[in-house]
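Enquirer:
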Amino acid sequence: MIQILIRFLVGGAVVSVFALIGDVLKPKSFAGLFGAAPSVALATLGLTLATKGASYASIEARSMIAGAIAFFIFASLVSWSLMRYRFRALWVTTGAMPFWFAVAFGLWSVALK
Amino acid sequence: MSMPVRVDGSALRDSKWSQYTLRFLFGGIVTAIAGLVAQHYGPVIAGLLLAFPAIFPASATLIEKHEKQKKEKKGMSGTVRGRQAASVDAAGSAMGSLGLLVFAVIIWRFLPAHSAWAVLIAATVAWAVVSVFVWQIRKRGIRRWRGR
Chain G
1 MIQILIRFLV GGAVVSVFAL IGDVLKPKSF AGLFGAAPSV ALATLGLTLA
51 TKGASYASIE ARSMIAGAIA FFIFASLVSW SLMRYRFRAL WVTTGAMPFW
101 FAVAFGLWSV ALK
Chain Z
114 MSMPVRVDGS ALRDSKWSQY TLRFLFGGIV TAIAGLVAQH YGPVIAGLLL
164 AFPAIFPASA TLIEKHEKQK KEKKGMSGTV RGRQAASVDA AGSAMGSLGL
214 LVFAVIIWRF LPAHSAWAVL IAATVAWAVV SVFVWQIRKR GIRRWRGR
């Protein structure tokens, strides 16, 4: 339980730092780079390295490649949809979330399983 | 002419603490879930979550709101502008995700043979370099396309 709490606090802090950096940068397309910062990865891999070792972290990183490809498709879809249609950002981003899961788990079942 | 990269603190002044708390919560929850998933299903499934767009909806909503408010202060409707700003930010994140891909490849290929912390730092630097490089290429491409 304590380990989960530590993960929560470290993850929240790292994600917030990258989000704040993104907030103060202009232009928006450059600031957007920080929306795909390895914040959750740094927090998780750092804690994994300390508790379970480098081999375990390496396996997580291999799967992360599929997650990153899914992120690219998700973010591209969100960008296109917001420019093309008149939906609110919250609806588009949450509505596109199943695509991230579909691509990430699709790649997992094809290449990583 | 394209806008140079600069620091602008106005977004921090206009934001509420609740918006930052929300992003802290999302980031913390996804990191904690990744740990729980690793415990129950192993590192292969948990690794997918390391590139989960955890704070994306919260950030996009925040950007849309800020841009909308800016326009409305000038007496104009900011709905379209807000949506466009969120779209441009998402395009930036798509470019950043290519850096994220390189980050993951470096960690996968260089652990456990090399110093873990050196690999983490090198991968983070690679994320930044690749992301900015892709952003520069796209910027030049847009400039050339507009110049036609």
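Heads up: the protein sequence lines correspond to chains G and Z, in order. Heads up, the first sequence is in this note's numbering, so the first residue is 1 and it goes up one at a time. Heads up, the second sequence is in this note's numbering, so the first residue is 114 and it goes up one at a time. All C-beta atoms in this analysis are idealised placements derived from N, C-alpha and C, irrespective of residue type, glycine included. In this text the structure is predicted, and so the values were computed from the model without any measurement.
1. What in chain G is Cβ-close to residue 182 of chain Z, meaning under 8 Å?
2. Beta-carbon within less than 7 Å of residue 56 of chain G's beta-carbon, same chain only, minus the 5 sequence neighbours each way: which residues are those?
3. Using CA atoms only, rank isn't needed, just tell me which of G/19, G/67 and G/44 is closest to residue 144 of chain Z.
4. Would you tell me roughly how many angstroms separate the C-alpha atoms of residue 229 of chain Z and residue 8 of chain G, rounded to the nearest one?
5. Let me know the alpha helix (DSSP H) ranges lying completely inside the stretch 118-144 of chain Z, each 4 residues or longer, listed in chain order.
6. Skipping 5 residues on each side, what residues in its chain have a beta carbon closer than 6 Å to that of residue 251 of chain Z?
7. For residue 52 of chain G, which of helix, strand or coil comes out of DSSP?
8. Ignoring anything shorter than 3 residues, give me the beta strand (DSSP E) runs that lie fully in the stretch 36-96 of chain G, in order along the chain.
9. Please return the same chain residues whose Cβ sits closer than 7 Å to the Cβ of residue 58 of chain G, not counting the five positions on each side in sequence.
10. Can you find a C-beta in chain G that's less than 8 Å from the C-beta of residue 177 of chain Z?
11. List the residues that DSSP assigns as beta-bridge partners of residue 26 of chain G.
12. Can you tell me whether DSSP reads residue 252 of chain Z as helix, strand or coil?
13. Quick check: what's the CA-CA separation for residue 40 of chain G versus residue 15 of chain G?
14. Measuring only between beta-carbons, confirm whether residue 190 of chain Z sits less than 8 Å from chain G.
15. Using a beta-carbon distance cut-off of less than 8 Å, what residues from the stretch 130-148 of chain Z approach chain G?
16. Cβ atoms of residue 12 of chain G and residue 209 of chain Z: under 8 Å apart, would you say?
17. Are the stretch 150-165 of chain Z and the stretch 176-185 of chain Z in contact at 8 Å, needing three or more beta carbon pairs?
18. Hey, residue 50 of chain G and residue 74 of chain G are a contact pair by Cβ (cut 8 Å); roughly how many whole angstroms apart?
19. Can you tell me which of Z/158, Z/179, Z/200 and Z/211 puts its alpha carbon nearest to the alpha carbon of residue 125 of chain Z?
20. For the candidate residues Z/150, Z/253, Z/187 and Z/161, whose alpha-carbon lies nearest to that of residue 102 of chain G?
Expert: Based on what the coordinates show:
1. By Cβ distance, chain G contributes nothing, its closest Cβ being about 14 Å from residue 182 of chain Z, past 8 Å.
2. 48
3. Of the candidates G/19, G/67 and G/44, the one whose C-alpha sits nearest the C-alpha of residue 144 of chain Z is G/44.
4. 22 Å
5. 123-127
6. Apart from the 5 residues on each side of it in sequence, residue 251 of chain Z has no Cβ closer than 6 Å to any other Cβ in its chain.
7. coil
8. Counting only runs of 3 or more, we get nothing.
9. For residue 58 of chain G, there are no CB contacts under 7 Å within the same chain when 5 residues up- and downstream are skipped.
10. With 8 Å as the cut-off, residue 177 of chain Z counts as an interface residue toward chain G.
11. Z/119
12. helix
13. 6 Å
14. no
15. 133, 136, 137, 138, 139, 140, 141, 142, 143, 144, 145, 147 and 148
16. No.
17. no
18. Between residue 74 of chain G and residue 50 of chain G the Cβ distance is about 30 Å, and since that is not below 8 Å, they are no contact.
19. Nearest C-alpha to residue 125 of chain Z: Z/179.
20. Between residue 102 of chain G and the set Z/150, Z/253, Z/187 and Z/161, the nearest pair of CA atoms involves Z/161.
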